[in-house]
Structures are given as structure tokens and as C-alpha cells.
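Novice:
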Amino acid sequence: MAEHGAHITTASVADDQPSIFEVVAQDSLMTAVRPALQHVVKVLAESNPAQCGFFWRWFDEIFTLLDFLLQQHYLSKTSASFSENFYGLKRVVMGDSPRLQRLASAGLPKKQLWKSVMFLVLLPYLKVKLEKLVSSLREEDEYSIHPPSSHWKRFYRAFLAAYPFVNMAWEGWFLVQQLQYILGKAQHHSPLLKLAGVRLGRLTIQDIQALEHRPAEFGRMQQPARSVSEKIKSVLKKAVGGVALSLSTGLSVGVFFLQFLDWWYSSENQETIKSLTALPTPPPPVHLDYNSDSPLLPKMKTVCPLCRKTRVNDTVLATSGYVFCYRCVFNYVRSHQACPITGYPTEVQHLIKLYSPEN
11 MAEHGAHITT
21 ASVADDQPSI
31 FEVVAQDSLM
41 TAVRPALQHV
51 VKVLAESNPA
61 QCGFFWRWFD
71 EIFTLLDFLL
81 QQHYLSKTSA
91 SFSENFYGLK
101 RVVMGDSPRL
111 QRLASAGLPK
121 KQLWKSVMFL
131 VLLPYLKVKL
141 EKLVSSLREE
151 DEYSIHPPSS
161 HWKRFYRAFL
171 AAYPFVNMAW
181 EGWFLVQQLQ
191 YILGKAQHHS
201 PLLKLAGVRL
211 GRLTIQDIQA
221 LEHRPAEFGR
231 MQQPARSVSE
241 KIKSVLKKAV
251 GGVALSLSTG
261 LSVGVFFLQF
271 LDWWYSSENQ
281 ETIKSLTALP
291 TPPPPVHLDY
301 NSDSPLLPKM
311 KTVCPLCRKT
321 RVNDTVLATS
331 GYVFCYRCVF
341 NYVRSHQACP
351 ITGYPTEVQH
361 LIKLYSPEN
């Protein structure tokens with residue numbers, strides 16, 4: 011069994027195909043970024059709704075725009091999305107032989123680039139909007155004012171009934187594709203990569219060297235613009251590139267912070283933290299011997315340990331937690347300055363009246 015598991019992780023090294031763990035990790039990276047940023051924006055909007063409320067109302071659109079700039083920058087500069095480049099992967103055009111493969115620094119061809127952008131940015135945006143629509147329709151269905159024979163109500167009820175099955179089929183499609191990828195029956199772990207006409211591969215030494223030397227060569231080869239339109243295009247490209255670079259730098263630093271938060275707030279880690287930081291359980295009180303001045307506890311919980319009768323005016327002694335009649339324990343503590351059961355030193359101010367629903 012262990013040999014089979016090792017085969018899954020190492021069999022694809024020869025043909026430059028990443029393992030299932032690498033591709034799943036890079037998929038989950040951007041999935042974790044969105045809810046983290048959404049939570050930050052929500053906190054800012056709640057604390058300052060006048061200035062930050064706009065970002066919360068239009069979060070989906072703003073995030074999609076920033077994601078578009080980020081992914082387009084990486085696909086055109088490194089032939090990979092942000093998360094794929096973070097894990098040392100690249101997108102290779104299907105059908106290209108190993109000798110004719112482009113370097114990652116050359117970027118993807120326009121056809122594969124825009125298909126990749128559409129599946130990386132536009133499709134998740136539409137999926138989020140669809141889920142919000144389904145949620146709002148379900149709430150409307152519960153408190154709807156449409157008559158039972160309304161065609162609109164019939165339509166969206168049919169839509170709500172069909173959506174779980176459509177979503178299950180969609181997720182099942184991805185699961186089947188991943189199983190085929192694990193078994194070596196497919197070159198894509200996601201059907202969206204196949205639709206985009208690309209597959210994932212690892213960065214080679216030549217790719218890494220080209221990516222490291224490209225910024226310097228680009229600076230030397232760049233020539234001053236000759237016309238106003240070229241200057242405007244150059245400024246726009248620099249601005250978009252600067253925004254994308256700042257986003258990539260911020261995300262690269264924030265990825266470790268997000269992963270740390272994900273680990274810190276995980277249920278397993280919280281249980282570990284509680285076990286390490288919880289105070290030790292105090293030992294039970296040591297009862298005095300029967301021959302001493304303090305009596306033993308009665309078997310019935312409603313009996314006062316001092317007078318051996320049903321308690322009247324229940325009063326707890328904060329020092330030990332035992333309950334007595336107020337008159338009994340008051341007189342005992344005033345005379346002995348100690349708990350009648352445990353013998354712990356105590357005072358009259360440690361007596362606390364207990365109130366029951368009957369009272």
C-alpha cells in the first residue's frame with residue numbers, strides 16, 4: 011500500500027507532471043484568500059460604515075477586478091496563475107512537444123491566456139453570484155407573497171429543486187477528473203484546464219533562470235515612447251503592472267499569515283491550546299475525620315450538614331462551595347472562622363445567599 015502511495019507521488023516526475031498534492035494545494039490557496047479578505051472588509055465596514063461600507067457592498071466586483079489584474083499579470087509574465095506560480099508550476103499548451111514548449115517567461119498565447127482568465131476569474135464570480143441568488147430565492151420562498159399558481163413561483167421553485175443536483179453533478183465532474191489524474195488516466199486534475207487547452211507542469215531550471223533575468227532585460231530593452239498614444243499606453247501598462255505586482259507581493263506575504271490563521275483557528279489546534287493553557291482541575295476538598303468537630307456530609311443533598319435537617323434559607327460558603335442553612339453556618343463560621351466540612355479558614359463575608367425559582 012505504501013509502495014502504491016509512493017508511486018502516485020513520484021510517477022509523474024519524469025514527464026514533468028505535478029502530483030495531486032501540489033495541484034490541490036494551489037487550488038486551495040486562492041480559495042482561502044477570498045474569505046479572509048471578505049472577513050477583513052466586513053470588520054472594517056462594521057467599524058466604519060460611512061467610509062468602508064462601499065467596499066463591503068461591492069466586494070465581489072472589487073475582488074474580481076483585482077483578481078483579474080493579478081491573474082492576467084501572472085499568466086502573461088509567468089505562464090501561470092498566482093497560486094500556480096507560488097507552488098512552482100506553469101501552464102503548458104496542449105499539443106506542444108517538449109522541444110517546442112515556450113519558456114514560462116514568454117507567457118501564454120492570447121487564446122489560452124484569455125480562456126484561462128475566464129475560468130480563473132469570471133467563472134468563480136458567476137458561481138458566487140449564483141449561490142447568493144439561490145440563497146435569496148430560498149428566503150423569498152419561505153416568506154413569499156406570490157399566489158400559489160404564480161408562474162414565477164413555479165419557475166424558481168423548480169430552479170431551487172434542481173440546483174442541488176446540478177451542483178452535485180458539477181462537483182462530481184471535478185472529483186472524477188481528479189481520480190483519473192491520480193490513477194494516471196488524465197493529464198488534467200481539473201476539467202477547466204482541459205477546456206482552456208492547457209495542462210500543468212513544473213518549472214524547469216531554464217524557466218526559473220529566465221524569470222529571474224527577465225526584469226533586468228526588460229529594463230534595458232525598453233525604449234522611450236515616440237507619440238502621446240504610446241506614452242499613455244506605456245503609463246497604463248506600468249500602472250496595471252504596478253498594481254498587479256503590489257497585489258502579488260502582498261498576497262505572497264499574506265499567504266503565510268492566512269495559513270497560520272487557518273491552523274491557529276482549526277478545531278484540532280484549539281483543542282490542543284485548551285489542553286495546554288487550561289488551569290488544572292482543583293482537587294476535591296479533604297474531609298475531616300468523623301471524630302473531629304466537623305460532621306461528615308449527609309447522604310441527601312437537601313439536608314444541612316450541620317443541623318441534619320432539610321435546609322432552610324440555603325446559603326453557600328464561597329471558600330469550599332458547600333451549602334448549609336443560613337443560621338447554622340453563620341453561627342459556626344462566626345465561632346470557628348472555618349468551613350465546617352473542609353476546615354478551610356473563612357469569614358462571615360464569604361457566605362452567599364442562594365435563590366431558587368420557588369423563592
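Convert by adding 10 to the 1-based position in the sequence shown; the result is the number in the numbering used here. Note that CB positions come from ideal geometry on N, CA and C, so glycine has one too.
(1) Where G105 and G211 are concerned, what is the direct C-alpha to C-alpha distance, given to the nearest angstrom?
(2) Would C349 and S330 qualify as a contact pair, given that the criterion is a beta-carbon distance under 8 Å?
(3) Can you name, in chain order, every residue of its own chain whose Cβ lies under 6 Å from the Cβ of V333, other than the five neighbours on each side?
(4) Rounding to the nearest angstrom, what Cα-Cα distance links H198 and Y84 in this structure?
(5) For L99, which three-state DSSP category applies?
(6) Is K363 helix, strand or coil when you go by DSSP?
(7) Can you tell me the Cα-Cα spacing of P59 and A35, whole angstroms?
(8) For the candidate residues G194, L193 and Q187, whose alpha-carbon lies nearest to that of S200?
(9) In the DSSP assignment, the alpha helix (DSSP H) including T352 goes from what residue to what residue?
(10) From which residue to which residue does the alpha helix (DSSP H) around F73 run?
(11) Residue range of the alpha helix (DSSP H) that D37 falls in?
(12) Look at the alpha carbon of G229 and the alpha carbon of N177, and state the distance between them as a whole number of angstroms.
(13) If you draw a straight line from the alpha carbon of K125 to that of T214, how long is it in whole angstroms?
(14) According to DSSP, simplified to helix, strand and coil, what is D217?
(15) Which residue comes first and which comes last in the beta strand (DSSP E) that contains V208?
(16) Just verifying my parser: in three-state terms, what is the DSSP assignment at C62?
(17) If you draw a straight line from the C-alpha of V102 to the C-alpha of F73, how long is it?
(18) Distance check for L203 and G117, CA to CA, integer angstroms please.
(19) Less than 8 Å between the CB atoms is what I'm expecting for I362 and A328, so what's the real figure, rounded?
(20) Taking only the alpha-carbon atoms, compute the straight-line gap between K319 and Y342 and give it to the nearest angstrom.
(21) Within its chain, find whatever has a CB closer than 6 Å to the CB of V50; leave out the 5 residues flanking it on each side and keep chain order.
(22) Can you give me the start and stop residues for the alpha helix (DSSP H) that C314 sits inside?
(23) Evaluate T312 with the Cβ neighbour count: other Cβ atoms within 10 Å of its Cβ, from every protein chain shown; 16 or more gives buried, anything less gives exposed.
(24) Can you check which of these residues, S345, R209, P315 and P308, is closest to Q111 by C-alpha distance?
(25) Checking the sheet assignment: what are the DSSP bridge partners for F334?
(26) Any idea if M11 is buried or exposed, counting beta-carbon neighbours within 10 angstroms, 16 or more meaning buried?
(27) Just to confirm the assignment: which complete alpha helix (DSSP H) runs, minimum length 4, are found wholly within the segment 125-208?
(28) If you measure between the beta carbons of S115 and A220, is that distance less than 8 Å?
(29) What residues are listed by DSSP as bridge partners for T320?
(30) Here's a check: name, in chain order, each residue in its chain whose Cβ is nearer than 7 Å to the Cβ of K137, leaving out the five neighbours to either side.
(31) Just the Cα atoms here: how many angstroms apart are H360 and F340?
(32) Short of 7 Å in beta carbon distance, which residues of its chain neighbour W66, apart from the five on each side in sequence? Order them along the chain.
(33) Rounded to the nearest angstrom, what separates L185 and V33 at their Cα positions?
Specialist: In terms of the structure at hand:
(1) On the sequence shown, position 95 is the one that residue 105 refers to. On the sequence shown, position 201 is the one that residue 211 refers to. So the two alpha carbons sit approximately 13 Å from each other.
(2) On the sequence shown, position 339 is the one that residue 349 refers to. On the sequence shown, position 320 is the one that residue 330 refers to. Yes. Within cutoff.
(3) Residue 333 sits at position 323 when you count from the first residue of the sequence shown. Here the set comprises D324 and V326.
(4) Stepping through the sequence shown from its first residue, residue 198 is reached at position 188. Stepping through the sequence shown from its first residue, residue 84 is reached at position 74. Taking the straight line from one Cα to the other gives about 20 Å.
(5) If you number the sequence shown from 1, residue 99 lands on position 89. Note: L99 maps to strand in three-state DSSP.
(6) Walking along the sequence shown from the start, residue 363 turns up at place 353. Strand, per DSSP.
(7) Locating residue 59 in the sequence shown gives position 49, counting from the first residue. Locating residue 35 in the sequence shown gives position 25, counting from the first residue. Distance between the alpha carbons of P59 and A35: 35 Å.
(8) The residue you call residue 200 lines up with position 190 of the sequence shown. Minimum Cα distance to S200 is reached at Q187.
(9) Here residue 352 corresponds to residue number 342 of the sequence shown, with the count starting at 1. Counting along the chain, T352 falls outside any alpha helix (DSSP H), and DSSP gives it neither H nor E.
(10) Along the sequence shown, one-based indexing puts residue 73 at 63. Its alpha helix (DSSP H) spans residues F69 to T88.
(11) Reading the sequence shown from its first residue, position 27 is the one you call residue 37. Element bounds for D37: I30 to S57.
(12) Start at 1 with the first residue of the sequence shown, and residue 229 comes out as number 219. Start at 1 with the first residue of the sequence shown, and residue 177 comes out as number 167. Confidence in G229 is poor, its pLDDT being 48 and thus under 50, which makes the residue's placement too unreliable to answer from.
(13) Here residue 125 refers to the residue found at position 115 of the sequence shown. Here residue 214 refers to the residue found at position 204 of the sequence shown. When rounded, the distance between both Cα atoms is 24 Å.
(14) Locating residue 217 in the sequence shown gives position 207, counting from the first residue. D217: helix per DSSP, three-state reduction.
(15) Walking along the sequence shown from the start, residue 208 turns up at place 198. V208 -> beta strand (DSSP E) spans V208 to R212.
(16) Counting from 1 along the sequence shown, the entry for residue 62 is found at position 52. Here C62 sits in helix by DSSP.
(17) To locate residue 102, count along the sequence shown from 1; it is residue 92. To locate residue 73, count along the sequence shown from 1; it is residue 63. Between V102 and F73, the C-alpha separation is close to 27 Å.
(18) Residue numbering aside, residue 117 sits at position 107 when the sequence shown is read from its first letter. Residue numbering aside, residue 203 sits at position 193 when the sequence shown is read from its first letter. Using only the alpha carbons, I get a separation of about 16 Å.
(19) Counting from one through the sequence shown, the residue named residue 362 turns up at place 352. Counting from one through the sequence shown, the residue named residue 328 turns up at place 318. Rounded, the Cβ-Cβ distance is 6 Å, consistent with contact.
(20) The residue you call residue 319 lines up with position 309 of the sequence shown. The residue you call residue 342 lines up with position 332 of the sequence shown. Spanning the two alpha carbons is a distance of roughly 16 Å.
(21) One-based indexing of the sequence shown puts residue 50 at position 40. Taken in chain order, the list of residues that qualify is empty.
(22) Position 304 of the sequence shown, counted from the first residue, corresponds to residue 314. Looking at the DSSP string, C314 is not in any alpha helix (DSSP H), and its letter there is neither H nor E.
(23) The sequence position of residue 312 within the sequence shown is 302, counting from 1. It counts as exposed.
(24) If you number the sequence shown from 1, residue 111 lands on position 101. The option with the nearest alpha carbon to Q111 is R209.
(25) Here residue 334 is taken as the residue at index 324 of the sequence shown, counted from 1. Paired residue(s): T325.
(26) By one-based count along the sequence shown, residue 11 stands at place 1. The predicted model places M11 with a pLDDT of 39, which falls under 50 and marks its position as unreliable; any figure quoted below should be read in that light. So M11 ends up on the exposed side.
(27) 133-152, 161-192 and 201-206
(28) Along the sequence shown, read from residue 1 onward, the residue named residue 115 stands at position 105. Along the sequence shown, read from residue 1 onward, the residue named residue 220 stands at position 210. The answer is yes: Cβ separation under 8 Å.
(29) Translated into positions along the sequence shown, residue 320 becomes position 310. Answer by DSSP bridge pairing, in chain order: V313.
(30) On the sequence shown, position 127 is the one that residue 137 refers to. Closer than 7 Å at the Cβ level, and outside the excluded window around K137, lies no residue.
(31) On the sequence shown, residue 360 is found 350 positions in, with the first residue counted as 1. On the sequence shown, residue 340 is found 330 positions in, with the first residue counted as 1. Approximately 10 Å between the Cα atoms of the pair.
(32) Taking the sequence shown and counting its residues from 1, the one referred to as residue 66 is at position 56. So the qualifying residues of the chain are V51, K52 and A55.
(33) For the purposes of this step, residue 185 is taken as residue 175 along the sequence shown, with counting starting at 1. For the purposes of this step, residue 33 is taken as residue 23 along the sequence shown, with counting starting at 1. Going from the Cα of L185 to the Cα of V33 covers about 13 Å.
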